[in-house]
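Numbering (the working numbering), first residue to last: 9 to 165. Yeah, the Cβ is synthetic: ideal placement off N, Cα and C, and Gly gets one too. It should be emphasised that the depicted structure is a prediction, and the values quoted were computed from it without experimental measurement. For reference, the structure discussed in these notes is given below.
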Ligand code: FES
Ligand code: FES
């Protein structure tokens, strides 16, 4: 049986987008393959790694677990939405300056989670940052430099 299609209107990185999507299409695939926003990555595809993190109505979510039809009317920010005219924001610069990136696969999710941490906690301790990063897995860096970057961005803001 052919997929059922559904019309959605969604704001992505400040831009209103109308689209007809399959009721089976995941948000992650909608962003990557229909909008060409490839910052969110697929690793586990089952909500374990955080590589597919995006912000949905102000909260980080795993876009591999959400259907595109579920975001009808919502606001989404992806990693591409953080920079301004090609200039990185403070959190992104903190990751660069602290050498927090190796292969880079987990980094979009780490940066967006870092943003969420400093939004939710005024002066997050190192312990709090580590706890809040529990849903984001990195296989390269050993995490310390990622925590350093978020701690620095939190202090700065
Ligand atoms: S790809 Fe979505 S949580 Fe791992
Ligand atoms: S930098 Fe490679 S998985 Fe995190």
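Q.
Please enumerate, following chain order, all residues with a beta carbon closer than 6 Å to at least one heavy atom belonging to ligand 1.
A. Ordered along the chain, the selected set is 50, 51, 52, 53, 55, 56, 57, 58, 59, 60, 70 and 72.
Q. Applying the criterion that 16 or more other CB atoms from any shown protein chain within 10 Å of the CB defines a buried residue, is residue 40 buried or exposed?
A. The residue you call residue 40 lines up with position 32 of the chain shown. The residue in question, residue 40, is buried, as its Cβ has 16 or more Cβ neighbours within 10 Å.
Q) Which value, in whole angstroms, describes the spacing of the CA atoms of residue 120 and residue 86? A) Within the chain shown, residue 120 is the residue found at index 112, counting from 1. Within the chain shown, residue 86 is the residue found at index 78, counting from 1. So the two alpha carbons sit approximately 8 Å from each other.
**Q.** Contact check, residue 35 vs residue 55, beta carbons under 8 Å
**A.** The residue you call residue 35 lines up with position 27 of the chain shown. The residue you call residue 55 lines up with position 47 of the chain shown. One thing to note: residue 35 has its Cβ no nearer than 8 Å to the Cβ of residue 55.
(Q) On the DSSP letters alone, give me the boundaries of the beta strand (DSSP E) that residue 104 sits inside. (A) Locating residue 104 in the chain shown gives position 96, where the first residue counts as 1. Element bounds for residue 104: not the beta strand (DSSP E) but the alpha helix (DSSP H), 98 to 105.
(Q) Which of the three DSSP states is assigned to residue 85 in this structure? (A) On the chain shown, position 77 is the one that residue 85 refers to. Strand, per DSSP.
Q: With hydrogens ignored, establish whether the beta-carbon of residue 77 is closer than 7 Å to any heavy atom of ligand 2.
A: Counted from its first residue, the chain shown places residue 77 at position 69. Flag unset: Cβ of residue 77 not near ligand 2.
Q: May I ask you to report which of helix, strand or coil DSSP gives residue 48?
A: Reading the chain shown from its first residue, position 40 is the one you call residue 48. Coil at residue 48, not helix or strand.
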